[in-house]
Every structure is written in C-alpha cells, then in structure tokens.
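Worksheet for the structure shown next.
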Amino acid sequence: LRLLANPDDELAFLRVVNVPARGLGAVTLERLRQAAQIWGCSLCEASRRLPETLTPRAREALARFWELLDSLRQQAGGSLRELVAALLEQSGLAAQYDTREEEDRARLANLDQLVNAAAEAEQRGLTLPSFLDEVALLSEADAETAPQSVLLSTLHAAKGLEFDVVYLVGLEEGLLPLMRGEEPELADEEEERRLLYVGMTRARKKLVLTWARSRRLHGETRTTRPSRFLAELPPEVRREGLTSPSPLPHWEPKPLVRPRQEAPAPEARNGFRPGMKVEHPTFGRGVVLQVQASGAQTRVVVFFDRAGKKTLLPSVAPLKVLSAPRG
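Going by my numbering, the letters in the sequence shown line up with residues 638 to 964, in that order.
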C-alpha cells in the first residue's frame, strides 16, 4: 500500500518485492543497487528499467510486479476497500496464508481486518495516503505500553498466561470455530474447542464470553450466529436474554462527496491551539506545539513530558484538553 501511494518508497519496495516469493533474492537486489548507482537513480526506478545484469527470470518477475502495482494504482481514486481487497488477492498474499497452519490463519485474519479498516476509512472519506498516515500513527501508539491498561491478545499468544479477569470476544460461528468454508472438519472443530478451553482457563477470578449480533467481515456488515460451543456451557452460568435478537438501529452512510466549505483556521480546528495543555492516556501530559491542516485531516503536534514530540490525529488519538493559553 505504501508503494502504491509513493512509487519511490525504497523501504516499502524492499519489504514487498519478494513477498510472496518471486525469485527476487539478495543477488537480484544487489545487482539492482549497482544499476541504480551507475544510472544515478533510485532503486525503484532501476528495478523498472530491468537492467541486463539480471537473469531473464528476475526481469520477468519484476516486470509483472510493476504491472500489478500500476494496474492497482489506477484504482487508487476509487473505493479504498476494493483497492485493499484487490491488492491482497492479486498479489497472492491472501492465498499464501490460506492454509491450516495456526500462524497463517492468524495472519489471514489480520488481512481481513485490514480490509475492514479500509472500509471504515472509506466511509469517513479518507484517501489512501491519509489512511496510511492514520495506520502509522495508530501503530506508534500501540507500541507504547501504559500501566493498568487492557491487554489485547490472541488465544494462541495467551497460552501459559493467567489473568484475574478475562473477556473472550467474538464467539461466533465462522470465528470460533473458524471456518473458511461452510462447515469445519471434525478434527478442526476439536482443535478449535481445545483452543477455546485454553482461553477460558486463562481466567483466575472472572471470565466473560461474548458474541456480536453483527460483524464487519471483508469490508461488509453481516449478521452472525453464536458459536456452537456456547450451547455446551452449563445453563447456570449463562445470562438469559442478552443474546436474543433485536432490531438493529438503521444506519445510513454519509456521502463521500461533501459540499465545499471554507476551511477554518488551522489553529481552531477540533478546538486545539498551540500552547494548550493536553493529556493522552498513553503518552501522558503535554503541550500543543502546532496544528497542521491537510485537506480533511488535521494533525496536532504535541510535546509530551515523558514521551517527547508526537504527531497525532485528533479524530483517532483521544486528547483531553487540560487548559488553554490566555489571549
């Protein structure tokens, strides 16, 4: 996605040019670096020129790689969800992880969530570059750890750990047991049952099992059914009435094309101004240094006492205003 937004992003190119494997290993990349140095161009540009020092197989693989990206880039002005879904399918990433291995299944689920995130970003009118900026900021915040915070974990990663309170969410048909087709095979179902048991036994004092009536899958909202495993629980531990179906509130998506309006002054956007004292649940207290306006997006540059300088999206990062500058 980063390479779609910026065809000269060398780091993004190096990370994806051979994923899935295209036969473009270390030798090919070294020859590309040499060609780029001789021609005085970027590594990405050198790879497009298909230098003669490469093997015929490598030249063909690179040609197909850039043809795919150029084709996808033509869709960049349309649906963001469809662009991400097409990239995962046409690049072979989705097929690469469509196996029975636990690690691959977890990665495939992450790809599904990426499509969901793109669909939500599309509803908010984000473009590909602004979506990538938002993901980068969220990733930066996720890398920080805060005391007394909620720990999110997969069932596999929680093995061997224990907690006083555990919430297991997403106990729905298709998620647990996980199903790529209509029905899981018997061996797969038993493995999923064992995995649920592992998750349930992580709780020392309190365990809560939940499921959602509807969920966004592959960028589309679908009605769900509770997991078959919930029916195996003793009646005395179940709360009756909470899972009975009820009408879902009607929701109409906002149009992506908004009427043109005169933009407010950057320092007035979202109520943030330079000099304001703010607080973030992860980074702590800080002072607003700058408010940057870029199209529909507004970024707030904050210097935090213990985290240093950070650039945040007010629509994503929960900033609490403590005090405003006088005047």
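Positions of the beta carbon are idealized from the N, C-alpha and C atoms, including for glycine.
inquiry  = Which same chain residues end up closer than 7 Å to A902 when comparing Cβ atoms and leaving out the 5 residues on each side of it in sequence?
reply    = The count along the sequence shown starts at 1 and reaches residue 902 at position 265. Confidence at A902 is low in this model, with a pLDDT of 40, below 50, so its placement is unreliable and no value can be given for it.
query = Which whole-angstrom value is the C-beta distance of L725 and L748, which I expect to be below 8 Å?
reply = Within the sequence shown, the letter at position 88 stands for residue 725. Within the sequence shown, the letter at position 111 stands for residue 748. L725 to L748, Cβ: 5 Å. Contact.
ask   = Grouping DSSP H, G and I as helix and E and B as strand, with all else coil, what is T935?
value = Here residue 935 refers to the residue found at position 298 when the sequence shown is read from its first residue. Looking at T935 - three-state DSSP - the assignment turns out to be strand.
ask   = Where does N643 land, buried or exposed, given buried means 16+ other C-beta within 10 angstroms?
value = What you label residue 643 is simply residue 6 of the sequence shown in a count that begins at 1. Around the beta carbon of N643, fewer than 16 other beta carbons sit within 10 angstroms, so the residue counts as exposed.
query = Exposed or buried, L864, counting other C-beta atoms within 10 Å across all chains shown (16 or more means buried)?
reply = Counting from 1 along the sequence shown, the entry for residue 864 is found at position 227. The sequence given here places Ser at residue 864; Leu does not occur at that position. S864 is classed as buried because its beta carbon has at least 16 other beta carbons within 10 Å across all chains shown.
ask   = Within this structure, are the beta carbons of V803 and L844 separated by less than 9 Å?
value = The residue labelled residue 803 in the question sits at position 166 within the sequence shown. The residue labelled residue 844 in the question sits at position 207 within the sequence shown. The Cβ-Cβ distance between V803 and L844 falls below 9 Å.
query = Do you know how far the Cα of C678 is from the Cα of L687?
reply = Your numbering for residue 687 matches position 50 in the sequence shown. Your numbering for residue 678 matches position 41 in the sequence shown. For L687 and C678, the distance between alpha carbons rounds to 13 Å.
key: Span of the alpha helix (DSSP H), counted from its first residue to its last, around R685   = Counting from 1 along the sequence shown, the entry for residue 685 is found at position 48. Unbroken alpha helix (DSSP H) run through R685: 680–686.
key: Buried or exposed by the 16-neighbour rule on C-beta atoms within 10 Å, applied to W848   = Position 211 of the sequence shown, counted from the start, is the residue given in the question as residue 848. Under the 10 Å beta carbon count, W848 is surrounded by 16 or more other beta carbons and is classified as buried.
key: Bridge-paired residues (DSSP) for S728   = Counted from its first residue, the sequence shown places residue 728 at position 91. Per DSSP, S728 has no beta-bridge partner at all.
message = Could you tell me the alpha carbon to alpha carbon distance between L832 and R862, rounded to whole angstroms?
response = As a first step, residue 832 must be located in the sequence shown, where it is residue number 195. As a first step, residue 862 must be located in the sequence shown, where it is residue number 225. If you take the alpha carbons of L832 and R862, they lie about 19 Å apart.
ask   = Whose C-alpha, out of Q929, F940, V874, is nearest the C-alpha of T914?
value = Counting from 1 along the sequence shown, the entry for residue 914 is found at position 277. Per the sequence shown, the amino acid found at residue 914 is Lys instead of Thr. Minimum Cα distance to K914 is reached at F940.
request  = For the beta strand (DSSP E) containing S851, list its first residue and its last residue.
outcome  = One-based indexing of the sequence shown puts residue 851 at position 214. Looking at the DSSP string, the run of the beta strand (DSSP E) that includes S851 is 851–854.
Neighbourhood of R895 by C-beta, 6 Å cutoff - its chain only, sequence neighbours within 5 removed = Here residue 895 refers to the residue found at position 258 of the sequence shown. Because the pLDDT at R895 is just 41, under 50, the model does not fix this residue reliably, and the value given afterwards should be weighed accordingly. Answer for R895: no residue qualifies.
task = Count the other C-beta atoms from every protein chain shown that fall within 10 angstroms of the C-beta of E827, then say buried if there are 16 or more, exposed otherwise.
result = Start at 1 with the first residue of the sequence shown, and residue 827 comes out as number 190. Residue environment for E827: exposed (fewer than 16 other C-beta atoms within 10 angstroms of its C-beta).
ask   = For L893, is the classification buried or exposed, using 16 other Cβ atoms within 10 angstroms of its Cβ as the cut-off for buried?
value = By 1-based counting over the sequence shown, the position of residue 893 is 256. Interpretation of L893 is limited by its pLDDT of 38, a score under 50 that renders its predicted location unreliable; the figure taken from the coordinates is listed afterwards. That one is exposed.
ask   = So what does DSSP say about L789, is it helix, strand or coil?
value = Position 152 of the sequence shown, counted from the start, is the residue given in the question as residue 789. Reduced to three states, the DSSP call for L789 is coil.
ask   = Which residue comes first and which comes last in the alpha helix (DSSP H) that contains F800?
value = On the sequence shown, residue 800 is found 163 positions in, with the first residue counted as 1. Taken as a continuous stretch (DSSP letters only), F800 belongs to no alpha helix (DSSP H), being part of the beta strand (DSSP E) at 800–805.
task = Please determine, among K796, P872, L792, the residue with the shortest C-alpha to C-alpha distance to A743.
result = In the sequence shown, the residue the question calls residue 743 occupies position 106. Closest by C-alpha distance to A743, out of K796, P872, L792, is L792.
task = Identify whether E647 lies in helix, strand or coil by the three-state DSSP scheme.
result = For the purposes of this step, residue 647 is taken as the residue at position 10 of the sequence shown. When DSSP states are grouped into helix, strand and coil, E647 belongs to the helix group.
query = Just how far apart, CA to CA, sit E916 and T935?
reply = Numbered from its first residue, the sequence shown carries residue 916 at position 279. Numbered from its first residue, the sequence shown carries residue 935 at position 298. Taking C-alpha positions only, E916 is separated from T935 by approximately 18 Å.
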